[in-house]
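Below you'll find the structure, written out as structure tokens, and then a few comments.
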Amino acid sequence: MFDITKIREEFPILTKTVNGKPLIYFDNGATAQKPKQVIDAITNYYTNQNSNIHRGVHTLSREITIAYEEARKIIQKHLNAEHANEIIFTKGTTESINLVAHCFGKINIEAGDEIIITQMEHHSNIVPWQLLCEEKKAILKFIPINQEGELMLEELPKLITSKTKLIAFTHISNTLGTINPVKEIIHTIRSLSNAAILVDGAQAVPHIQPNVQDLDCDFYVFSGHKLFGPTGVGILYGKEEWLTKFPPYQSGGGTIKTVMLQKTEFADLPLKLEAGTPNIEGGIGLAEAIKYVTEIGFENIQKQEDDLLKYITKKLLEIDGLKIYGTSKHKTAVISFNVGSIHPFDIGTLLDKYGIAIRSGHHCTQPIWEFYNVPGTIRASLSFYNTIEEIDSFVEAIKKSIRLLS
Ligand code: PLP
């Protein structure tokens with residue numbers, strides 16, 4: 002049973018008032034709120050468990066090492082990865098992509114090689130590839146988008162050549178909400194090329210449980226904080242055959258087997274790629290967040306979010322001059338829009354006065370706005386704990402803001 006009242010009670014921040022109004026949090030694409038279960042796990046870590054992992058023989062250290070490695074197994078199971086050592090803890094999606102760009106680039110990219118990304122990527126899945134291509138004199142290509150904000154996949158076979166070494170694309174667009182047909186894309190790539198495939202799952206994991214073996218991607222990356230977990234922790238899933246070939250990304254304590262003054266022998270996976278003391282409470286909190294969403298059930302999450310998406314789309318389209326960007330049939334509850342020539346920051350600032358948190362601007366996807374020829378939009382990104390009543394208040398506040406600004 003999906004009990005929205007009970008679910009909302011599990012998120013302490015949702016009872017907060019902002020500017021004297023009940024908080025309406027529609028900025029879930031930027032970061033999601035945390036359930037008490039996650040907050041309690043972090044508090045418990047610092048109250049009862051705090052010590053360093055992988056190095057102490059004392060009880061606290063041994064216990065927290067077991068808990069941290071247990072968290073890795075929970076994430077492995079969630080993604081259906083074959084081995085626990087294919088799960089690398091990072092700071093987040095951005096660091097996971099940088100890690101792959103650095104390590105893959107070092108062993109696999111030469112001058113004239115090609116990397117393909119798409120026009121709908123977050124800057125975190127563009128800039129690391131630009132830097133790699135610049136450094137190696139490789140070529141960066143793009144799958145374009147259409148007016149609906151969908152990938153023009155008919156272009157993909159034309160872009161792939163014998164020089165294509167890696168193809169990276171997002172599972173779900175943070176700006177347009179489009180859910181890309183990841184399995185179909187990977188199938189096309191595999192039939193034409195040996196290129197490695199990286200999927201940016203940052204916006205997918207709060208809504209979908211990815212099955213990395215079924216998808217057959219080489220890398221799948223995401224951040225804990227968008228999945229109702231803590232900030233500063235993320236995951237790189239990589240097939241073992243790739244990760245074992247990777248040189249260390251950063252080096253130092255934690256990554257080594259033995260160090261002599263002149264030479265170091267590196268540890269096996271996953272430690273080889275996890276330099277220094279990690280975000281221990283982050284890993285534990287992320288595993289707790291996964292337990293939490295699993296208990297709610299992704300079917301329930303998707304049903305609630307689909308209902309919210311239908312309702313907010315209908316209500317917004319009743320407003321004169323409002324244009325929605327991203328109208329794919331396959332999308333999550335993310336709505337990017339503009340009203341006439343009103344600047345998104347003006348509406349964002351007024352909505353804040355009503356206690357409503359949305360995002361205004363380019364949402365770290367400037368190439369999308371270059372395509373639509375607008376500087377940015379207002380973005381409402383909803384989660385399963387949002388309600389129809391909140392949408393009504395949001396739409397009323399938009400109407401009031403338009404009247405004030407016109
Ligand atoms: N990729 C996508 C699709 C995103 O939406 C985001 C953040 O909004 C990122 C990557 C970067 O995530 P982080 O800032 O957590 O590293």
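Count along the sequence shown starting at 1, add 1, and that's the number in our numbering.
For every residue, glycine included, the Cβ atom is placed at its ideal position computed from N, Cα and C.
Remark: C-beta atoms of Ile146 and Phe372 approach each other more closely than 8 Å. Here the alpha carbons of Phe90 and Gly284 stand approximately 7 Å from one another.
Nearest to Thr176 by alpha-carbon distance, out of Ala205, Phe3, Arg9 and Ile190, is Ala205.
In this chain, the alpha helix (DSSP H) harbouring Tyr293 covers Ile281 to Ile297.
Taking C-beta atoms as the reference points, Ile236 and Ile76 count as a pair closer than 8 Å.
The beta strand (DSSP E) runs lying completely inside the stretch 318-395 and spanning 3 residues or more are 323-326, 335-340, 360-362 and 378-382, given in chain order.
For Ile65, the enclosing alpha helix (DSSP H) starts and ends at Thr60 to Leu80. In this structure Phe170 is in contact with Thr119, their Cβ atoms being roughly 5 Å apart against a cut-off of 8 Å.
Look at Asp41 here: in three-state DSSP terms it is helix. Around the beta carbon of Lys332, 16 or more other beta carbons lie within 10 angstroms, which makes this residue buried. Straight across, the Cα-Cα distance linking Cys104 with Gln251 is about 10 Å.
In the three-state reduction of the DSSP assignment, Ile116 falls in the strand class. Excluding its 5 nearest sequence neighbours in each direction, Ile144 has C-beta neighbours in its own chain below 8 Å: Ile117, Ile118, Thr119, Gln120, Leu152, Met153, Leu154, Glu156, Leu157, Leu160 and Phe170, listed in chain order. Under the Cβ criterion (8 Å, minimum of three pairs), the stretch 5-23 counts as touching the stretch 385-399. Those residues that have a beta carbon less than 5 Å away from any non-hydrogen atom of ligand 1 are, in order along the chain, Gly93, Thr94, Thr95, His123, Ser125, Thr171, Asn175, Asp201, Ala203, Gln204 and Ser224. Burial is judged here by how many other beta carbons sit within 10 angstroms of a residue's own beta carbon; Arg73 has at least 16 and is buried. Scanning Glu96, Thr48, Lys78 and Ala31 for the CA closest to the CA of Glu275 turns up Glu96. The alpha-carbon separation between Leu61 and Gln38 amounts to approximately 22 Å.
With a beta-carbon spacing of about 23 Å, Lys166 and Ala203 fall beyond the 8 Å limit used to define contacts. Lys330 and Ile8 have their C-alpha atoms some 28 Å from each other.
For Val213, the uninterrupted alpha helix (DSSP H) segment begins and ends at Val213 to Leu216. For Lys107, the enclosing alpha helix (DSSP H) begins and ends at Thr94 to Asn109. Cβ atoms of Ile168 and Ile198 come within 8 Å of each other, at about 5 Å.
By the Cβ criterion, the stretch 217-232 is not in contact with the stretch 316-323, since fewer than three pairs of Cβ atoms, one from each stretch, lie closer than 8 Å. Just so you know, the alpha carbons of Arg360 and His59 end up roughly 47 Å apart. Looking at the DSSP output, Leu167 sits in a beta bridge with Ile116 and Ala197. Residue environment: Ser407 is assigned as exposed (fewer than 16 neighbouring CB atoms within 10 Å of its CB, all protein chains considered). Just measuring C-alpha positions, the residue of Asn280, Glu296 and Lys258 sitting nearest Tyr46 is Asn280. Shown here for Glu241: same chain residues with a beta carbon closer than 8 Å to its own, the five before and five after excluded, namely Glu83, His84, Asn86, Glu87 and Leu270 in chain order.
Apart from sequence neighbours up to five positions away, the residues of its chain that approach Ile108 with a beta-carbon distance below 8 Å are Lys246, Phe247 and Pro248, ordered along the chain. Taking a C-beta distance under 8 Å as the contact criterion, Val234 and Leu287 qualify as a contact pair.
In the three-state reduction of the DSSP assignment, Pro23 falls in the strand class, which pools E and B. Boundaries of the alpha helix (DSSP H) around Ile5: Ile5 to Glu10. Counted as a single uninterrupted DSSP element, the beta strand (DSSP E) harbouring Glu266 occupies residues Thr265 to Phe267. The Cβ-Cβ distance between Thr314 and Gly150 does not fall below 8 Å. In the three-state DSSP reduction, Ser407 falls in the coil class, being neither helix nor strand.
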